[in-house]
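Colleague:
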Amino acid sequence: MSHALPTLQLAAGIHPLNHLCCHLCVIEIVVTAFLKFSYFVKITAFLSFFYCALSYYRLGEHAEEKDAEEIIDLASKASVADQQKQVQDNVHYQLTHMCQAMDSILHPDVTNDPSKDPSEAHSHSRHSGLSFAVGGAASANKQSAAIPATQPLTRIELSNKFKDHFGYTLDIRASGIAHKDAGQGLFLSGEANVGAVLAIYPGVIYSPAYYRYIPGYPRIDACNNYLITRYDGTIIDAKPWCLGGETRELWDGSDLVDYAVPPKGSENNSDRVWRMLSKPLEKSVRGNFGEVLERRNPLAFGHFANHPPKGSSPNVMICPYDFPLTEKEMRVYIPNITFGGEEPIKMKRFGSFYFKSGSSDNQAGDSLVLKTLVLVSTRSIHDEELFLNYRYSNSKRRPEWYSPVDEEEDKRRWS
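Start counting the sequence shown at 1; every next residue gets the next number (full-length UniProt numbering).
Structure (structure tokens):
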């Protein structure tokens with residue numbers, strides 16, 4: 001199934017918990033009321049929901065009912081920008097735990113070394129209370145000068161040990177959808193509660209400045225079912241990542257992949273216009289980037305989530321996540337690279353076209369980020385296939401297997 005879809009900045013994550021607290025029901029009632037308004041308000045409602053729910057559960061076992069009430073009050077007063085910032089922080093908080101867990105598995109002698117400078121350690125373990133749940137900054141970490149040796153574990157073995165830490169992991173197997181085009185599906189093995197970050201969408205990140213380097217351009221979706229688009233126009237191609245690998249390695253996304261493009265005879269008028277206006281570029285800049293990544297990463301399977309079949313509902317949601325590149329020790333576990341390197345480029349959009357505009361220099365105080373995506377659970381999940389609403393436009397011909405989750409919502413989304 002195709003994964004080329006626009007996404008919403010709605011969700012965040014927390015460290016998985018063993019049970020859901022009854023206070024979540026109070027938050028859900030607030031969200032239900034919000035959902036009666038317009039599409040924009042619906043987005044804001046989901047953002048507020050995750051702000052409240054994830055901030056509350058971030059408090060852990062020490063949370064009290066008054067904390068839930070205070071968080072709801074804070075959400076009602078916070079701007080959209082402030083809520084988005086907190087959502088990002090909550091996702092980062094959870095991923096920090098996950099990266100630390102994988103480090104403890106792959107580098108047990110390093111992560112438990114008492115001589116390690118405490119000022120360089122992740123700071124989340126030294127904080128508690130409501131102020132931590134609704135605000136705080138991540139610390140930068142020291143970058144290793146060389147690739148350290150890791151435990152000789154297979155991808156499956158690392159996945160099983162990850163499950164021992166968090167109570168769940170991901171499996172790839174034949175989808176349970178009764179359709180010939182369903183193919184493989186993404187399954188949760190174990191249990192995860194609402195708000196858990198379950199997967200990262202891996203692959204090569206293309207900013208609008210590099211659209212013409214995407215294989216098959218301009219008909220990029222004709223030869224690739226593993227493309228996804230962020231709200232800011234960033235495109236991620238997960239096809240080169242495939243199932244990952246069995247080692248930690250320098251990865252530049254140049255794995256041998258079949259990007260066979262349909263013959264020109266099948267072009268429609270729109271395709272011909274794009275072909276005249278847009279010339280694909282050779283990937284001569286590929287040698288300029290590449291990162292040491294953990295190819296055994298048990299989270300790097302977001303591209304295998306299918307759209308729910310008719311009569312079913314999605315149980316995960318896409319959340320844009322801007323990974324701060326200052327977090328050097330976590331970088332190896334973020335399964336993405338930016339095509340062309342990580343130099344920011346300013347772009348202006350005119351219709352469907354993007355053009356370079358002005359200087360690419362960072363503004364004062366800005367830091368480089370990796371613009372990726374994570375999948376977040378929208379409810380408690382136990383040994384189930386994960387489904388993601390693709391939100392295809394109703395103005396274009398949709399695949400035979402596609403059944404809208406909410407036709408009216410899709411109309412509002414694309415109107």
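By construction, the Cβ of each residue, glycine as well, lies at the ideal position given by its N, Cα and C atoms.
Counting only beta-carbon atoms, is residue 307 nearer than 8 Å to chain C?
Modeller: The structure shown contains no chain C; it is built from a single protein chain.
Colleague: Considering only the alpha carbon of each residue, which of 148, 181, 212, 103 lies closest to residue 161?
Modeller: For the residues 148, 181, 212, 103, the minimum Cα distance to residue 161 belongs to 103.
Colleague: Output needed for residue 150: all residues of its chain with C-beta closer than 7 Å, excluding positions within five of it in sequence on either side, in chain order.
Modeller: So the list reads 106, 107, 248, once near-sequence residues are dropped.
Colleague: Kindly indicate which residue of 333, 99, 227, 399 has the alpha-carbon position closest to the one of residue 244.
Modeller: That would be 333, whose Cα lies nearest to the Cα of residue 244.
Colleague: Using DSSP's beta-bridge definition, name the partner residues of residue 185.
Modeller: According to DSSP, residue 185 bridges with 173.
Colleague: State the CB to CB distance for the pair residue 205 and residue 339, rounded to an integer number of angstroms; the pair is presumed to be in contact (CB under 8 Å).
Modeller: Right, the Cβ-Cβ distance comes to about 6 Å (below 8 Å), so this counts as a contact.
Colleague: Quick one: what's residue 248 bridged to in DSSP?
Modeller: Partner(s): 294.
Colleague: Quick one, are the C-beta atoms of residue 190 and residue 167 less than 8 Å apart?
Modeller: Yes, they are a contact pair.
Colleague: Got a sec? Which residues, its chain only, sit under 7 Å from residue 398 by beta carbon, not counting five neighbours each side?
Modeller: If we look at residue 398 and ignore the five residues flanking it on each side, its Cβ neighbours are 392.
Colleague: Is residue 196 buried or exposed, if buried means 16 or more other CB atoms sit within 10 Å of its CB?
Modeller: Burial call: buried.
Colleague: Comparing C-alpha positions only, which one of 329, 314, 299 sits nearest to residue 158?
Modeller: It is 299 whose Cα lies nearest to the Cα of residue 158.
Colleague: Under a three-way DSSP split, which group does residue 374 fall into?
Modeller: DSSP places residue 374 in strand when its eight states are reduced to three.
Colleague: Closer than 7 Å by C-beta to residue 321: which residues in its own chain qualify, once you throw out the five before and the five after it? Chain order, please.
Modeller: Cβ neighbours of residue 321 beyond the five flanking positions: 88, 91, 372, 373, 374.
Colleague: The alpha helix (DSSP H) that contains residue 96, what's its start and end?
Modeller: 80-106 is the span of the alpha helix (DSSP H), which, as asked, contains residue 96.
Colleague: Where do the ends of the alpha helix (DSSP H) carrying residue 67 lie?
Modeller: Counting along the chain, the alpha helix (DSSP H) containing residue 67 begins and ends at 65-77.
Colleague: Using C-beta distances below 6 Å, list every residue in its chain close to residue 169, excluding the 5 sequence neighbours before and after it, in chain order.
Modeller: The residues are 159, 162, 163, 189, 298.
Colleague: Check whether the Cβ atoms of residue 376 and residue 316 sit closer than 8 Å, and answer yes or no.
Modeller: Cβ distance < 8 Å, so residue 376 and residue 316 count as in contact.
Colleague: Between residue 305 and residue 186, how many whole angstroms is the CB-CB distance? I'm expecting something under 8 Å.
Modeller: About 5 Å; that satisfies the 8 Å criterion.
Colleague: Between residue 318 and residue 370, is the Cβ-Cβ spacing less than 8 Å?
Modeller: No, the Cβ-Cβ distance between residue 318 and residue 370 is not below 8 Å.
Colleague: In the DSSP output, what is residue 338 paired with across the bridge?
Modeller: DSSP lists 205 as partners of residue 338.
Colleague: DSSP three-state call for residue 333: helix, strand or coil?
Modeller: Residue state, collapsed to three classes: helix.
Colleague: Since residue 236 and residue 290 are thought to touch, with beta carbons under 8 Å apart, how far apart are those beta carbons, to the nearest angstrom?
Modeller: Contact flag wrong, Cβ pair sits at about 17 Å.
Colleague: Alpha carbon to alpha carbon, how far is residue 144 from residue 328?
Modeller: Low confidence applies to residue 144: its pLDDT is 40, below 50, so where it sits in the model is not reliable, and the reading given next is rough at best. Those two C-alpha atoms are separated by around 8 Å.
Colleague: Between 308, 386, 93, which has its C-alpha nearest residue 403's C-alpha?
Modeller: Nearest option by C-alpha distance: 308.
Colleague: Pick from 390, 296, 323: whose alpha carbon is nearest that of residue 152?
Modeller: Nearest C-alpha to residue 152: 296.
Colleague: Considering Cα atoms alone, identify which of 109, 177, 55, 93 is closest to residue 310.
Modeller: Closest by alpha carbon: 177.
Colleague: Can you give me the Cβ contacts of residue 250 inside the same chain, cut-off strictly under 6 Å, excluding the 5 residues immediately before and after it?
Modeller: These residues qualify, in order along the chain: 290, 292.
Colleague: Using DSSP with H/G/I as helix, E/B as strand and the rest coil, what is residue 242?
Modeller: DSSP places residue 242 in coil when its eight states are reduced to three.
Colleague: For residue 400, name the three-state secondary structure that DSSP assigns.
Modeller: DSSP places residue 400 in coil when its eight states are reduced to three.
Colleague: Please report the straight-line C-alpha distance between residue 407 and residue 314, rounded to a whole angstrom.
Modeller: For residue 407 and residue 314, the distance between alpha carbons rounds to 14 Å.
Colleague: Nearest by alpha-carbon distance to residue 233: which of 207, 74, 219 is it?
Modeller: Here the closest residue by C-alpha is 207.
Colleague: Residue range of the beta strand (DSSP E) that residue 406 falls in?
Modeller: Counting along the chain, residue 406 falls outside any beta strand (DSSP E), and DSSP gives it neither H nor E.
Colleague: Who are the Cβ neighbours of residue 48 in its own chain at under 6 Å, not counting the five residues just before and after it?
Modeller: Only 75 meet the Cβ criterion.
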